[in-house]
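Undergrad: Okay, so the sequence shown: first residue is 200 according to the working numbering, each after it adds one.
Sending over a structure as structure tokens; questions will come in a sec.
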Amino acid sequence: MKSGIKYLSAFWIIVIISLFSVSAGEKSSEYLKKEFQGESGEILPYRILYPQNYNPDQKYPLMLFLHGAGERGNDNEKQLVHGSAMFLEPLNRRNFPAFVIFPQCSEDGWWINRSLLQTLESDDAVNESYEPPASEQMILVMELLDELLSELSIDKTRLYVMGLSMGGFGTYDLLSRRPDWFAAAVPICGGGDARMAEKYAPHTSLWIFHGEKDNVVPAELSRIMVRAINEAGGDAKYTEYKGVGHNSWDPAFAEEDLLPWIFNKQKE
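This is the structure we're talking about:
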């Protein structure tokens, strides 16, 4: 369990800087800008893409996308750098009409409680039943989802979550806190608490991605989660890209079967 965890300290100090010259907003103007105020009074910026030819009398799937550490902030723009274009492709808009949500984590926030990694780094702590509380940012995400589910025409049997890097960690964390919610999840170059896999493994289909040469979040962290999920009765699908580093989201997004696989999943 501890193998690969020791390298995580690098993850917490690396700030991933976007090198794209074209702003995410210019590429993704169809994503409406919104803000959500949580019970704590904190604000969570988010963008929402409505289904093409939206009909409020029809129920639609919902896709939640959790970005990485480099896209944190409060501009309500940077979180669209990775992944948003995939949902705007005309064929995908037509074939997979859905609500797509991109919340933005605050500059100094995290999608997961940072003490979670301290727990994983200790062999003694791994065997304890202690579950760290949700981070402030994850609480906001869950409250936002509660509101959207009550206000929009969402098919609650077709909720999906995808995340990369820090968002990959957040994906596992959210699954452990809402184990009955999601029909499918796609964690990319992330990791999680394998002890919690039994909560969601029987309920959620997972397709996990990682780059073999990732020196920010070691691929062993995904391998650990795949084993834990399958041992807990799940059926995790795993793709590891040979020779690829941390940006395994690029080949993952290029997988022709990715969106068909996701949107084919439905809760009974």
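For glycine and all other residues, C-beta sits at the position ideal for the given N, C-alpha and C.
Which full runs of the beta strand (DSSP E) of 3+ residues lie inside the stretch 389-421, going along the chain?
TA: As far as the stretch 389-421 is concerned, its whole beta strand (DSSP E) runs of at least 3 residues are 404-410.
Undergrad: Could you check the C-alpha separation between Ser222 and Ala431 for me, to the nearest Å?
TA: At Ser222 the pLDDT is 43, less than 50, meaning the model places this residue with poor confidence and gives no usable figure here.
Undergrad: Could you please give me the residues that DSSP links to Lys232 through a beta bridge?
TA: According to DSSP, Lys232 bridges with Arg246.
Undergrad: When you compare the CB of Leu243 with every CB in chain C, is at least one pair closer than 7 Å?
TA: Absence of chain C from the displayed structure is noted, only one protein chain being present.
Undergrad: Counting Cβ pairs, one atom from each stretch, are 3 or more of them under 8 Å apart for the stretch 411-423 and the stretch 328-337?
TA: Verdict: no, contact absent.
Undergrad: Classify Glu288 as helix, strand or coil using the three-state DSSP reduction.
TA: Looking at Glu288 - three-state DSSP - the assignment turns out to be coil, as it is neither helix nor strand.
Undergrad: Are Leu261 and Val360 closer than 7 Å when you measure CB to CB?
TA: Cβ atoms of Leu261 and Val360: not closer than 7 Å.
Undergrad: Less than 7 Å between the beta carbons of Glu458 and Phe295, yes or no?
TA: In the sequence under discussion, the amino acid at residue 458 is Leu, which differs from the Glu named in the question. In contact: Leu458 and Phe295 (Cβ atoms closer than 7 Å).
Undergrad: Given Gln251, which residues of its chain have a CB within under 7 Å of its CB, disregarding the five upstream and five downstream residues?
TA: These residues qualify, in order along the chain: Arg292, Arg293, Pro296.
Undergrad: Across the stretch 399-415 and the stretch 435-451, are there enough close Cβ pairs to call them in contact, namely three or more that are closer than 8 Å?
TA: Touching, yes.
Undergrad: What residues are listed by DSSP as bridge partners for Met361?
TA: For Met361, which the question treats as bridged, DSSP gives the partners Phe264, Val385.
Undergrad: Using the Cβ count rule (16 or more neighbours within 10 Å means buried), how would you classify Thr356?
TA: Thr356 should be labelled exposed.
Undergrad: Mind checking Ala396: buried by the 16 CB within 10 Å criterion, or exposed?
TA: Ala396 should be labelled buried.
Undergrad: Buried or exposed for Tyr230, going by 16 or more other Cβ atoms inside 10 Å?
TA: Tyr230 is buried by the Cβ-count criterion.
Undergrad: Are Trp310 and Gly237 close, meaning C-beta to C-beta below 7 Å?
TA: The answer is no: Cβ separation not under 7 Å.
Undergrad: Let's test the definition: count the other Cβ atoms within 10 Å of the Cβ of Gly442 and tell me whether it reaches 16, buried, or not, exposed.
TA: Exposed is the call here.
Undergrad: Excluding the five sequence neighbours on either side, which residues of its own chain have a C-beta within less than 7 Å of the C-beta of Tyr259, listed in chain order?
TA: Pro250, Pro296, Ala297, Phe298, Ser352, Ile353, Asp354.
Undergrad: In its own chain, which residues sit with a C-beta less than 6 Å from the C-beta of Gly272, not counting the 5 before and 5 after it?
TA: Within the same chain, Gly272 has close Cβ partners Glu306.
Undergrad: Drop a sphere of 10 angstroms on the beta-carbon of Asp379, count the other beta-carbons inside from all chains shown, and report buried for 16 or more, exposed for fewer.
TA: Exposed: under 16 other Cβ atoms inside 10 Å.
Undergrad: Taking the alpha-carbon of Tyr399 as reference, which of Ser375, Gln465, Gly282, Tyr437 has the nearest alpha-carbon?
TA: When only C-alpha atoms are compared, the closest one is Ser375.
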